[in-house]
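Novice:
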Amino acid sequence: MYKIHQLFIVKFLLLFIGAFVIFSIIGYSSIKSIIIEENKNYLQKIILLSALDIDRVKNLELYAKNISNAAVLRVTMIKSDGEVLAESNFDIHAMQNHKDREEILQAQKQEFSSSIRFSQTLGIDFLYVAKKINYKDAKIYLRLATPLSGIMDSFYSLFFKLALAFLLILSIAFYIAKLMSDRVLYDLNQLKNYLEEISTKNYKAIMHVKYFHEFLELSLILKNIIKRLNKKEKKKK
Numbered sequence: 001m002y003k004i005h006q007l008f009i010v011k012f013l014l015l016f017i018g019a020f021v022i023f024s025i026i027g028y029s030s031i032k033s034i035i036i037e038e039n040k041n042y043l044q045k046i047i048l049l050s051a052l053d054i055d056r057v058k059n060l061e062l063y064a065k066n067i068s069n070a071a072v073l074r075v076t077m078i079k080s081d082g083e084v085l086a087e088s089n090f091d092i093h094a095m096q097n098h099k100d101r102e103e104i105l106q107a108q109k110q111e112f113s114s115s116i117r118f119s120q121t122l123g124i125d126f127l128y129v130a131k132k133i134n135y136k137d138a139k140i141y142l143r144l145a146t147p148l149s150g151i152m153d154s155f156y157s158l159f160f161k162l163a164l165a166f167l168l169i170l171s172i173a174f175y176i177a178k179l180m181s182d183r184v185l186y187d188l189n190q191l192k193n194y195l196e197e198i199s200t201k202n203y204k205a206i207m208h209v210k211y212f213h214e215f216l217e218l219s220l221i222l223k224n225i226i227k228r229l230n231k232k233e234k235k236k237k
């Protein structure tokens, strides 16, 4: 059976450990979604900027590499039939037809499309964003991609910082709870000592309550009881 101050600490720990677990589960998925969404928005903006003057571009391969170097992204330009026109990170002649790629299929139906998948060309996971644009009276797809590992590194860094901040708050709260528990224990010990003195018929004993008003009220009630007992004791004599 727990003592009062021990029960206080145990319940506090269970409460905050539970809160930390819930924070970890909800925070993990929420922060991950936010970071991925921010990267999608960034890729969309780069696509819009890149498409502004694309009609003036004569060498798409060079243009793709220039965008890639400036934005540190993988850039791919694809014909409407799936043939790769330009690619910043790979030889287009060694690349497969892209008409069945998830983000290309989606881009046929919506303004921007996105997918997170494994690249068969480069052998790593990417976040892809694609858009159908006009190039010299033809419809092509401009696709940008960023490695998923970079996104996850940012996510883990942010999540670790938030978890560390939460643990710091937990440590401070635990210290405060321990301090409160010690104060409860102090007043309880004062009450215990007072009752022990009374049990030996030391009716002049003093109870030194220091922290909690409730214990002070209890001490006043006990003093009144002791006064009555003391009077009865004197009458018997």
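Position 214 of the sequence shown, counting from 1, maps to 214 under UniProt numbering, and the rest follow consecutively.
Glycine included, each C-beta is placed from N, C-alpha and C at the ideal position.
As the structure is a computational prediction, the values presented were derived from the model and not from experiment.
1. Taking only runs of the beta strand (DSSP E) that begin and end inside the segment 119-194, which ones reach a length of at least 3 residues, in chain order?
2. If I measure Cβ to Cβ from L170 and keep anything under 7 Å in the same chain, skipping five residues before and after, which residues do I get?
3. Is DSSP giving E61 helix, strand or coil here?
4. Can you pull the DSSP bridge partners for A86?
5. How long is the line joining the alpha carbons of E38 and E217, rounded to whole angstroms?
6. Taking a contact to mean a Cβ-Cβ separation below 7 Å, would you say S113 touches E103 in this structure?
7. Give the single residue among D153, D125, R143 whose Cα lies nearest to the Cα of Q108.
8. Per the contact definition of three or more C-beta pairs closer than 8 Å, is the segment 53-69 in contact with the segment 123-142?
9. Let me check understanding here. Comparing Cα to Cα, which of A86, N66, S157 lies closest to I31?
10. With H, G and I counted as helix, E and B as strand and the rest as coil, what does DSSP make of R117?
11. Give the straight-line distance between the Cα atoms of S50 and I172, rounded to the nearest whole angstrom.
12. Can you grab the Cα-Cα spacing for the pair L43 / M95, in whole Å?
13. Please determine, among L60, K132, V10, I26, the residue with the shortest C-alpha to C-alpha distance to E111.
14. Of all the options L148, V129, K99, which has the alpha carbon lying nearest to the alpha carbon of G123?
15. Leaving aside the five residues before and after Q120 along the sequence, list all residues of the same chain whose C-beta is less than 8 Å from its C-beta, in chain order.
16. Where does the unbroken alpha helix (DSSP H) through A94 begin, and where does it stop?
17. Sort N230, N224, Y186 by Cα distance to Y211 and report the nearest one.
18. For my contact list, F126 and T146 are in at a C-beta cut-off of 8 Å; report their separation, rounded to the angstrom.
19. Give me the Cβ distance between G27 and L168, rounded to the nearest whole Å; I'm assuming they're in contact under 8 Å.
20. Whole angstroms is fine: what's the gap from E83's alpha carbon to D100's?
Specialist: Inspection of the coordinates gives the following:
1. 125-135, 138-147
2. Stepping through the sequence shown from its first residue, residue 170 is reached at position 170. Cβ within range, chain order: F16, F20.
3. As a working note, residue 61 is residue 61 in the sequence shown. Here E61 sits in helix by DSSP.
4. If you number the sequence shown from 1, residue 86 lands on position 86. In DSSP, A86 forms a bridge with M77.
5. As a working mapping, residue 38 is identified with position 38 in the sequence shown. As a working mapping, residue 217 is identified with position 217 in the sequence shown. Approximately 58 Å, taken between the alpha carbons.
6. Looking up residue 113 in the sequence shown gives position 113. Looking up residue 103 in the sequence shown gives position 103. The beta carbons of S113 and E103 sit closer together than 7 Å.
7. In the sequence shown, the residue the question calls residue 108 occupies position 108. Comparing Cα positions, the closest option is R143.
8. yes
9. Position 31 of the sequence shown, counted from the start, is the residue given in the question as residue 31. Nearest of A86, N66, S157 to I31, Cα basis: S157.
10. To locate residue 117, count along the sequence shown from 1; it is residue 117. It is a strand residue.
11. Locating residue 50 in the sequence shown gives position 50, where the first residue counts as 1. Locating residue 172 in the sequence shown gives position 172, where the first residue counts as 1. Going from the Cα of S50 to the Cα of I172 covers about 50 Å.
12. Here the question's residue 43 lines up with position 43 in the sequence shown. Here the question's residue 95 lines up with position 95 in the sequence shown. Computed Cα separation, rounded: 22 Å.
13. Within the sequence shown, residue 111 is the residue found at index 111, counting from 1. The option with the nearest alpha carbon to E111 is K132.
14. For the purposes of this step, residue 123 is taken as residue 123 along the sequence shown, with counting starting at 1. If we check each option's Cα against that of G123, L148 comes out closest.
15. Within the sequence shown, numbered from 1, the residue matching residue 120 stands at position 120. Q96, listed in sequence order.
16. Stepping through the sequence shown from its first residue, residue 94 is reached at position 94. It is not in any alpha helix (DSSP H) - A94 carries neither H nor E in the DSSP assignment.
17. By one-based count along the sequence shown, residue 211 stands at place 211. The candidate whose alpha carbon is nearest that of Y211 is Y186.
18. The residue labelled residue 126 in the question sits at position 126 within the sequence shown. The residue labelled residue 146 in the question sits at position 146 within the sequence shown. The Cβ separation is near 7 Å, so the contact holds.
19. Within the sequence shown, the letter at position 27 stands for residue 27. Within the sequence shown, the letter at position 168 stands for residue 168. Wrong, their Cβ atoms sit about 15 Å apart, outside the cutoff.
20. Counting from 1 along the sequence shown, the entry for residue 83 is found at position 83. Counting from 1 along the sequence shown, the entry for residue 100 is found at position 100. Spanning the two alpha carbons is a distance of roughly 11 Å.
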